[in-house]
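*Asks:* Dumping the structure here so I can ask a few things about it.
2 protein chains.
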Amino acid sequence: MVRKTKEDAELTRQCIINAAREVFLARGVSRSTLEHIATQANVTRGAVYWHFKNKTEIFHAIRDQVLLPLIDRMDDMLAIDSAAAKSEDPLTQIENSLSETIFELNENIEMRQTYEIMMIKCEYVDEFATVLQQILGNCSSITEKIQLAYERAQSQNLLTGSHTPRALALDTHLFFSGLLHMWVKDADGSRFRFQAIELIKSHINLRRK
Amino acid sequence: MVRKTKEDAELTRQCIINAAREVFLARGVSRSTLEHIATQANVTRGAVYWHFKNKTEIFHAIRDQVLLPLIDRMDDMLAIDSAAAKSEDPLTQIENSLSETIFELNENIEMRQTYEIMMIKCEYVDEFATVLQQILGNCSSITEKIQLAYERAQSQNLLTGSHTPRALALDTHLFFSGLLHMWVKDADGSRFRFQAIELIKSHINLRRK
DNA sequence: TTATATACAAACATGAATGTATGTAAACAA
DNA sequence: TTGTTTACATACATTCATGTTTGTATATAA
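Going line by line, the protein sequences match chains S and W.
Numbering follows my numbering, with no gaps: position 51 of the first sequence is 51.
Numbering follows my numbering, with no gaps: position 54 of the second sequence is 54.
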């Protein structure tokens, strides 16, 4: 049975991406073969090669599909003129944007899998090295957004102590980066997953006057 | 020229480990072949197979050689009865143990390479999955040590606010975990490497009364 | 209606990488 | 001094993943 219409083709493309995510997660990117992916997707390698140039292209497809939207949303939540910004103080805004991300990881299986692949099932060499630069770029931009929020908090006299918004933002970013890593590595959920939201709240409260 | 004495053999073993570290770093663990490693060490695969069962065993050798001592030292610096504990307040003790680790990463090339391999040049699946559990275990133990230090700080009335030592320790641990990741990923050093020590100081100062 | 492009499946050719088996020279023990 | 083990190098067999090529049924455009 051969698929024909455009929609059918797009459907198999999605199947391949989903299959690749599962396979990458289970076997790591390097050890995953196009045969594994094809089998998981109930197609042959022919179909895979039709839709993608090689494994790297599938990898990027997976990444773009779920990671980019997440970053966009985080950006939105931290923006000055967002809906959130008008109803909440800047610190709560930061807290919510972090919590929201954790919430998404909990709810959205594909996103969780993708995060796990990117963090502990992938070796950042050669073609994948560029992805690292992208990640660093995203980190910088998010840190800046957080910094702006802290600046607003400062001008509203919400902060304890006399720390610069820049330092606070970097500290928050590193904290969250560490949290995401632990969240992913802590697969059985015993250590971090259950208390992630509390940790975020506690982190922000350290700054509250 | 064939090597003969015990010492010579141990020397080639070390050569192989060092070669493997370089190769793992450059190509990632998965893409590194025993042939690559052998060539880099100026031996043949025969020698590699004589000293190691397979690639995984080399991986573990690399890890044990530099990572375990680091963790031990960190434990020491945070211990109640260490030399550091007697001359410094608990918060400075925490700060120094973190700074010391960063200092080591800066000075010790092998350690830096090993960290980089473990964090972004390795896929944690199958045989390597157990390493993740070890890492999580180490994290727990270090967090507990930090917590004890915060408890001492609390009883000495050094802390601002009313946060529990447990929450502070987790926050510090996550911060440092994130810092290490960024430190490693930030290969050109532009973003994090130069200011790592400042970030640590700033993180601890957030807690100081 | 027919020609062409699409969306695959199946077959093929090639190039590794692995593990093992064998060979061998020197150290060391007896 | 000779036998045995050590510490490798070399050769071999096998498996496996990749990329490409070819075949083909159907959709779609002309």
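Glycine included, C-beta positions come from ideal geometry on N, C-alpha and C.
Any beta-carbon of chain W closer than 8 Å to the one on L174(S)?
*Replies:* yes
*Asks:* Within the region 57-81 of chain S, note down every full alpha helix (DSSP H) run reaching 4 residues or more, in order along the chain.
*Replies:* none
*Asks:* What's the C-alpha gap between K6(W) and A41(W)?
*Replies:* 18 Å
*Asks:* Name, going along the chain, the residues of the region 106-128 of chain S whose beta-carbon falls closer than 7 Å to a beta-carbon of chain W.
*Replies:* Across the region 106-128 of chain S, CB contacts with chain W closer than 7 Å involve I120, K121, C122, E123, Y124, V125, in sequence order along the chain.
*Asks:* I want to see whether chain S comes within less than 8 Å of R31(W), judged by CB atoms only; does it?
*Replies:* yes
*Asks:* What span of residues does the alpha helix (DSSP H) with F24(W) cover, start to end?
*Replies:* 6-27
*Asks:* Is there a Cβ from chain W that is less than 8 Å from the Cβ of L206(S)?
*Replies:* yes
*Asks:* Around the Cβ of Q156(W), are there at least 16 other Cβ atoms within 10 angstroms (buried) or fewer (exposed)?
*Replies:* By the 10 Å Cβ count, Q156(W) comes out exposed.
*Asks:* Leaving out the 5 sequence neighbours to the left and right, which residues in its chain are closer than 6 Å to I117(W) when beta-carbon positions are compared?
*Replies:* F24, L25
*Asks:* Who are the neighbours of D186(W) on chain S, taking C-beta pairs under 7 Å?
*Replies:* L136
*Asks:* Do you know whose CA, among Y124(W), F175(W), S162(W), lies nearest H60(W)'s CA?
*Replies:* For the residues Y124(W), F175(W), S162(W), the minimum Cα distance to H60(W) belongs to Y124(W).
*Asks:* Please confirm if F189(S) has its CB atom under 8 Å from at least one CB of chain W.
*Replies:* Here residue 189(S) turns out to be Gly, not Phe, going by the sequence shown. G189(S) does not count as touching chain W.
*Asks:* May I ask you to list, following chain order, the residues of the region 12-31 of chain W that have a beta carbon less than 8 Å from some beta carbon of chain S?
*Replies:* Of all residues in the region 12-31 of chain W, only A26, R27, G28, V29, S30, R31 place a beta-carbon less than 8 Å from a beta-carbon of chain S.
*Asks:* Taking the alpha-carbon positions, what's the S210(W) to I37(W) distance?
*Replies:* No answer is possible for residue 210(W): the residues shown for chain W start at 1 and end at 209.
*Asks:* Between A149(S) and L78(S), is the Cβ-Cβ spacing less than 8 Å?
*Replies:* yes
*Asks:* Report yes if the C-beta distance between I58(W) and I94(W) is below 8 Å; otherwise report no.
*Replies:* No, the Cβ-Cβ distance between I58(W) and I94(W) is not below 8 Å.
*Asks:* List the residues of chain W whose Cβ lies closer than 8 Å to the Cβ of A169(S), in chain order.
*Replies:* The premise fails here: A169(S) is roughly 11 Å from chain W at the closest Cβ pair, so nothing lies under 8 Å.
*Asks:* What's the gap between the Cα of A83(W) and the Cα of R63(W)?
*Replies:* 28 Å
*Asks:* For the alpha helix (DSSP H) that contains T44(W), what are its first and last residues?
*Replies:* Looking at the DSSP string, T44(W) is not in any alpha helix (DSSP H), and its letter there is neither H nor E.
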